[in-house]
Amino acid sequence: MDADKLLDCANNYIFNEQKDDKYKPLKSERDDLKGENFGDNSIEICANNQEIQRITTSESIETGKFEYKAVENYTCNTDHYRSTTILSDSIEPIIKDMLLFASNLREAIEKQQQLILDLQTYIIKLNNKTIEQQLLIDALQKKENELREIIQSKQRKIIELQQYYYELLIDKTQEVEIIDHILTTRETDLAKLTSELEIVNHELKSTNELLTVKEKLLVKINKELDLTNKDLKIKNTMLEKTEADLANVTGELAKANQELTNRSILLTEKEEAFDTIKQELELLKQEKANERRSLIEFNKIKESMHNIMQLLRGNKDSEFDQK
Numbered sequence: 001m002d003a004d005k006l007l008d009c010a011n012n013y014i015f016n017e018q019k020d021d022k023y024k025p026l027k028s029e030r031d032d033l034k035g036e037n038f039g040d041n042s043i044e045i046c047a048n049n050q051e052i053q054r055i056t057t058s059e060s061i062e063t064g065k066f067e068y069k070a071v072e073n074y075t076c077n078t079d080h081y082r083s084t085t086i087l088s089d090s091i092e093p094i095i096k097d098m099l100l101f102a103s104n105l106r107e108a109i110e111k112q113q114q115l116i117l118d119l120q121t122y123i124i125k126l127n128n129k130t131i132e133q134q135l136l137i138d139a140l141q142k143k144e145n146e147l148r149e150i151i152q153s154k155q156r157k158i159i160e161l162q163q164y165y166y167e168l169l170i171d172k173t174q175e176v177e178i179i180d181h182i183l184t185t186r187e188t189d190l191a192k193l194t195s196e197l198e199i200v201n202h203e204l205k206s207t208n209e210l211l212t213v214k215e216k217l218l219v220k221i222n223k224e225l226d227l228t229n230k231d232l233k234i235k236n237t238m239l240e241k242t243e244a245d246l247a248n249v250t251g252e253l254a255k256a257n258q259e260l261t262n263r264s265i266l267l268t269e270k271e272e273a274f275d276t277i278k279q280e281l282e283l284l285k286q287e288k289a290n291e292r293r294s295l296i297e298f299n300k301i302k303e304s305m306h307n308i309m310q311l312l313r314g315n316k317d318s319e320f321d322q323k
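With UniProt numbering as the guide, the letters of the sequence shown map in order to residues 1 to 323.
Set out below in structure tokens:
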């Protein structure tokens, strides 16, 4: 039962004795309700002339709402409703209680209205936050689009760089293949020169006089080595290791030249045989003239000089052992 029903009972119900000793409200359209006031914020209702329900009203402190509880149930008793004196003295406490209840109800309604206003304020704030969040989402979406464009631009640049480096790799691979072919050819030529230089070394070992002749020849070869090194640097940058070896050979040849100079002092006693050796040197120069015109001949002489140095070192060690 709600508050409207209770107020209806308080303002419109007057109980009079009727047929069969039952009580019926005179001003209500609901003929199935009958009641009696007990003056303690409770009303007994006889529904369908069968059961009495004692309804107690109270205001909940926590929720601000009215609660209605059935505290008793019992069967309508004819003797219980036989009295006909329930008039103004019995109705007045009901009206007072109902008016008090109405006042409490209004306060509760005001509290509910205030709660509704607070809720509306909260909803407005929540809507404002929703708008702010939507603006933030729009800004983030815009930033995401910008970042996506930047990423796409970076990806395009990466693809271009990949294509560039791929083409560069192909070019470098071809260059390496060419250089590898050149080096293979040079190794073959050096192998041939090595075999030829072994013969020359054998001839050099036969006499110390030939070393004097080779000393002069080495001076000329050193000049040719300098010119050849410059040409090699221009033509093939990948032969830097070989040029470093040539530089080392040049240094060793310089040491060998110094050693040969020292040996020339010791060989002054053999001046008589110098003319014969000079003639042999002229013949040797004529034989080697054509060979020095190519890089292959130069490499041959280079390797020969290296072997000469080894031989000189061996002779020096041999002389030192003899002494």
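Glycine included, each C-beta is placed from N, C-alpha and C at the ideal position.
Through-space distance from residue j to residue i, alpha-carbon basis
| i | j | result |
| --- | --- | --- |
| residue 172 | residue 185 | 20 angstroms |
| residue 154 | residue 164 | 15 angstroms |
| residue 181 | residue 174 | 11 angstroms |
| residue 113 | residue 150 | 55 angstroms |
| residue 100 | residue 106 | 10 angstroms |
| residue 66 | residue 110 | For residue 66, the predicted structure reports a pLDDT of 39, less than 50, and the residue's modelled location is therefore unreliable. The matter cannot be settled from this model. |
| residue 131 | residue 157 | 39 angstroms |
| residue 265 | residue 258 | 11 angstroms |
| residue 170 | residue 179 | 14 angstroms |
| residue 98 | residue 117 | 28 angstroms |
| residue 222 | residue 187 | 22 angstroms |
| residue 138 | residue 120 | 26 angstroms |
| residue 168 | residue 312 | 49 angstroms |
| residue 126 | residue 141 | 22 angstroms |
| residue 226 | residue 147 | 60 angstroms |
| residue 224 | residue 217 | 11 angstroms |
| residue 124 | residue 161 | 55 angstroms |
| residue 177 | residue 244 | 22 angstroms |
| residue 134 | residue 145 | 16 angstroms |
| residue 235 | residue 143 | 55 angstroms |
| residue 281 | residue 219 | 14 angstroms |
| residue 278 | residue 202 | 19 angstroms |
| residue 191 | residue 263 | 31 angstroms |
| residue 212 | residue 183 | 34 angstroms |
Rounded Cβ spacing between residue i and residue j (contact assumed at less than 8 angstroms)
| i | j | result |
| --- | --- | --- |
| residue 193 | residue 300 | 4 angstroms |
| residue 260 | residue 215 | 4 angstroms |
TODO: Tell me, please, whether the stretch 250-260 touches the stretch 296-313 by the rule of three or more beta-carbon pairs shorter than 8 angstroms.
DONE: yes
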